[in-house]
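A.B. asks:
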Amino acid sequence: MKCLMYIQTYHNLCCCFKCPWQCNAGNTLLALFLKVSAPSFVSDGFCSPEWDGIVCWPEGPPGKLVSTACPEYIYDFNHKGLAYRRCDNNGTWEQASINKTWANYNECAKFLYHYNHSHEKEVFHRLYLIYTVGYSISLGSLMVAVLILGYFRRLHCTRNYIHMHLFVSYMLRAISIFVKDVVLYSGSALENMERVTIGCKVVVTLFMYFLATNYYWILVEGLYLHSLIFMTFFSDRKYLWGFTLIGWGVPAMFVTVWATVRATFADTECWDLSAGNLKWIYQVPILAAVVVNFILFLNIIRVLATKLRETNAGRCDTRQQYRKLLKSTLVLMPLFGVHYIIFNAMPYTEVSGIPWLIQMHYEMLFNSFQGFLVAIIYCFCNGEVQAEIKKSWSRRTLALDFKRKARSGSNTYSYGPMVSHTSVTNVTLVTVAARNSLNHRCKARWVFIGTYRGNVNGKFSS
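Shown next, in the form of structure tokens:
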């Protein structure tokens with residue numbers, strides 16, 4: 002009984018000094034009172050209780066395997082599992098060659114998953130393959146989209162600047178995921194203690210930041226579209242800096258607070274596992290952005306439905322009206338991140354089996370390919386972008402045709418249906434670009450003026 006009391010005392014002592022959010026005032030006073038006298042309570046030959054960065058280990062008998070429950074304050078752990086640590090015959094905890102506080106947390110990392118090990122490996126390999134392919138396709142398409150919007154000056158406007166910021170946030174999110182996977186999971190998972198370094202924690206912090214910026218730039222897109230619809234006089238450039246601060250600045254604030262608190266109170270592992278309620282420091286702002294964007298989405302859909310009813314007033318074909326509304330809704334859903342509402346607040350440890358499989362496959366598939374969908378909708382299927390690409394291709398084709406004909410010395414020049422056979426080659430192409438930025442809509446017209454001089458069965462001039 003006395004030993005049990007000592008073990009409980011040491012357990013309280015560890016928790017009070019290392020996990021202050023789990024302690025009450027009585028435990029704190031007890032820890033301060035026993036700080037000096039506590040070492041005398043350890044039984045001879047036994048391994049002393051100590052904190053290994055994750056749990057407080059009780060006193061261990063020599064030559065025995067000691068077990069303790071997986072800590073509940075780590076959100077993603079299997080709280081029904083056990084962690085194991087061996088006390089050697091000399092009364093000291095067995096050490097791995099690279100870390101003095103090594104313990105076996107394999108059961109804790111099973112996430113309440115009840116399938117056999119081979120099936121687990123198959124599922125996780127499939128999930129890894131899905132999001133790797135998805136983020137790779139998204140990264141490539143977003144890079145092309147950014148180059149297109151940046152290359153054509155006539156596409157430079159506030160709306161497309163916001164699109165480019167959103168594209169970059171998706172790209173940084175994908176890159177940070179790939180880097181995090183390499184740093185954290187290149188070797189064995191929990192046994193590979195070499196990953197617990199400052200660099201590893203920096204990688205996880207940057208991943209959290211880029212993830213948060215992605216959510217907030219989706220929010221900025223929603224705010225911008227909502228402002229265009231509901232504000233009569235809306236200055237694009239005036240609010241661009243404000244949108245930029247929301248997209249990049251707000252996430253920097255709460256991620257910095259989270260990293261500071263995590264380093265102070267829960268500096269365990271590589272920060273890739275949740276540490277109790279500390280996760281709410283960054284999850285609450287992200288959830289707030291998702292909820293606000295969902296409200297904006299519903300309001301815009303309401304306005305679209307009202308406009309469609311007014312436009313089709315007196316017409317009998319309501320089926321076409323509903324089709325248009327459904328099409329607009331499906332287009333807006335990935336842009337506003339509506340799918341985040343479904344699973345974003347659902348913790349992984351509260352579901353298992355088939356629901357867990359559905360959740361994970363849905364999230365990995367949609368989250369990884371969302372950047373690709375956004376690039377298609379905002380860039381590749383945009384009429385203005387397509388028009389600029391066609392004009393650029395036409396100019397390039399004409400220029401190459403001119404050079405080829407000039408080098409060959411041919412007297413025949415073909416421009417679509419018009420063919421001019423000239424005896425004297427004197428062709429000048431002047432391209433005039435007229436910018437028209439009314440209502441900040443990035444629309445431009447191109448004027449091609451061709452001057453041809455020569456003789457076609459007489460004289461022809463234009």
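Residue numbers for the sequence shown, in my numbering: 2 to 463. Cβ coordinates follow ideal geometry from the N, Cα and C atoms, glycine included.
#1: What did DSSP end up calling residue 382 once you bin it into helix, strand or coil?
#2: Counting only beta-carbon separations shorter than 7 Å, does residue 105 have a partner in chain C?
#3: Could you compute how far the alpha carbon of residue 359 sits from the alpha carbon of residue 212?
#4: Could you check the C-alpha separation between residue 300 and residue 370 for me, to the nearest Å?
#5: Verify whether the separation of the beta carbon atoms of residue 146 and residue 125 is less than 7 Å.
#6: What did DSSP end up calling residue 61 once you bin it into helix, strand or coil?
#7: Using 10 angstroms around the beta-carbon of residue 395, count the other beta-carbons present and answer buried if the total reaches 16, otherwise exposed.
#8: Under a Cβ-count criterion, where at least 16 other Cβ atoms within 10 Å of its own Cβ denotes burial, should residue 57 be classed as buried or exposed?
#9: Could you tell me the boundaries of the beta strand (DSSP E) in which residue 85 lies?
#10: Under a Cβ-count criterion, where at least 16 other Cβ atoms within 10 Å of its own Cβ denotes burial, should residue 364 be classed as buried or exposed?
#11: Measuring alpha carbon to alpha carbon, tell me which residue in 399, 184, 378 is nearest residue 331.
#12: Using beta-carbon positions only, say whether residue 279 and residue 263 come within less than 7 Å of one another.
#13: Tell me whether the beta-carbon of residue 88 lies closer than 7 Å to the beta-carbon of residue 65.
#14: Below 8 Å, how does it come out for the region 202-221 and the region 242-257: are there three or more Cβ pairs, yes or no?
#15: Does the separation of the CB atoms of residue 335 and residue 297 fall below 7 Å?
#16: Flag this pair as yes or no: are the beta carbons of residue 337 and residue 243 separated by less than 7 Å?
#17: Indicate the three-state DSSP secondary structure (helix, strand or coil) for residue 49 in the structure shown.
#18: Could you tell me the alpha carbon to alpha carbon distance between residue 304 and residue 356, rounded to whole angstroms?
#19: Whether or not the region 129-142 and the region 175-189 are in contact is what I'm after, with contact meaning three or more pairs of Cβ atoms, one per stretch, closer than 8 Å; do they touch?
#20: Going by beta carbon distance, what residues of the same chain come within less than 8 Å of residue 55, once the five residues before and after it are set aside?
#21: For residue 341, count the other beta carbons within 10 Å of its own beta carbon; 16 or more makes it buried, fewer makes it exposed. Which is it?
#22: Using only the alpha-carbon positions, how far apart do residue 127 and residue 302 sit?
#23: Can you give, in chain order, each stretch of the beta strand (DSSP E) that sits fully within the region 245-297 and has at least 3 residues?
#24: Just to confirm my understanding: we take residue 156, look at its own chain, exclude 5 residues before and 5 after, and list those with CB closer than 7 Å. What are they?
#25: May I ask you to report which of helix, strand or coil DSSP gives residue 175?
#26: If you follow the alpha helix (DSSP H) that residue 206 is in, where does it begin and where does it stop?
#27: Just tell me which of 80, 92, 81 has its CA closest to the CA of residue 59.
#28: Give me whichever residues DSSP pairs with residue 105 in a beta bridge.
C.D. replies: This is what the structure gives:
#1: Secondary structure at residue 382: coil, using DSSP grouped into helix, strand and coil.
#2: Within the model displayed, chain C is absent; a lone protein chain is all it includes.
#3: For residue 359 and residue 212, the gap between their C-alpha atoms comes out near 22 Å.
#4: Just so you know, the alpha carbons of residue 300 and residue 370 end up roughly 26 Å apart.
#5: Contact: no.
#6: In the structure shown, residue 61 sits in a strand (DSSP, three-state: E or B).
#7: Here residue 395 is exposed: its Cβ has fewer than 16 other Cβ atoms, across all protein chains shown, within 10 Å.
#8: It is buried - the Cβ of residue 57 has at least 16 other Cβ atoms within 10 Å.
#9: Residues 83-88.
#10: That one is buried.
#11: When each option's Cα is compared against that of residue 331, the closest is 378.
#12: For residue 279 and residue 263, yes; Cβs fall inside 7 Å.
#13: Result yes, Cβ atoms of residue 88 and residue 65 sit closer than 7 Å.
#14: Segments in contact, yes.
#15: It is not a contact, given that the beta carbons lie outside the stated cut-off.
#16: Their beta carbons are not under 7 Å apart, which means residue 337 does not touch residue 243 by this criterion.
#17: Residue 49: coil per DSSP, three-state reduction.
#18: Looking at the two C-alpha atoms, the distance is approximately 35 Å.
#19: Verdict: yes, contact present.
#20: Once the five neighbours on either side are set aside, the close Cβ partners of residue 55 are 72, 75, 84, 104, 106, 269, 270.
#21: Counting Cβ neighbours within 10 Å, residue 341 comes out buried, since at least 16 surround it.
#22: So the two alpha carbons sit approximately 36 Å from each other.
#23: Positions of the beta strand (DSSP E) runs, each at least 3 residues long and wholly inside the region 245-297, cannot be given because no such run exists.
#24: Excluding sequence neighbours, residue 156 sits near 150, 385, 386, 389, 443.
#25: Residue state, collapsed to three classes: helix.
#26: Per DSSP, residue 206 is one residue of the alpha helix (DSSP H) stretching across 199-231.
#27: Closest by C-alpha distance to residue 59, out of 80, 92, 81, is 92.
#28: According to DSSP, residue pairing for residue 105 in a beta bridge involves 85.
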